[in-house]
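Residue numbers (mature numbering (1 follows the signal peptide of the UniProt record, and there is no 0)): -19 to -1, 1 to 190. Report on one structure; see the data block that follows.
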């Protein structure tokens, strides 16, 4: 029963990741999801085979340490992926000229029928970003840290050109990674019945105590 449950959880995690915004980040996340699944399976075998509660406790502690290390390694991989994605997007921006609607500039002059929206709304978007944010990499010099994340919602609802504008570089970088890892696409902005590119601003704040 437990093995079936673990397998079901793994399948659900793969299904969840396949809906992700960005292909490069999806590949990286899928790889580490699989590594977690394999580690969980191996540690569970050792835990179930051990009769001593003292040894079981040691196995649980070792498992926790492995997972913390894996989180750190995964974040390093995400940083490399972020650099790759930004470089690709910069090249695309240089070689193509694409227009977009900015929801914060001259709204009275725009004829948008619908603004870009995230499934579940703005609060769901912020909660998911907070959940995906890897806070262990940030060494805050103040309790409250803030940034504004600017990105483009493309015509197909995917996002691109994610850029965080805040005082702390590491906090900004982790916010950008979290945006690219969002599990759902946006509903694109619509103008006269046609999907248009749309610049979105998302203010983020995190309290480190």
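For glycine and all other residues, C-beta sits at the position ideal for the given N, C-alpha and C. Quick caveat: nothing in here was measured; it's all calculated off a predicted structure.
Given 8 Å, three or more beta-carbon pairs between the segment 100 to 116 and the segment 151 to 162: yes
Per-residue burial, residue 76 [other beta carbons within 10 Å of its own, 16 or more giving buried]: exposed
Identity of the residue in 183, 187 and 151 nearest residue 120 by Cα: 151
Residues that residue 40 bridges to, as DSSP identifies them: Bridge partners of residue 40: none, in fact.
Beta-carbon proximity check, residue 186 vs residue 113, cutoff 9 Å: no
Integer Cβ distance of residue 131 from residue 146, believed to fall under 8 Å: 6 Å
Three-state secondary structure (DSSP) of residue 146: strand
6 Å Cβ shell around residue 176 - same chain, five flanking residues per side excluded: 136 and 169
Outcome for residue 179 when other beta-carbon atoms lying within 10 angstroms are tallied against a minimum of 16: buried
N-terminal and C-terminal residue of the beta strand (DSSP E) that residue 179 is part of: 179 to 188
6 Å CB neighbourhood of residue -6 in its chain, flanking five on each side removed: Confidence is the limiting factor: at residue -6 the pLDDT is only 38, short of 50, which leaves the residue's position unreliable and the question unanswerable from this model.
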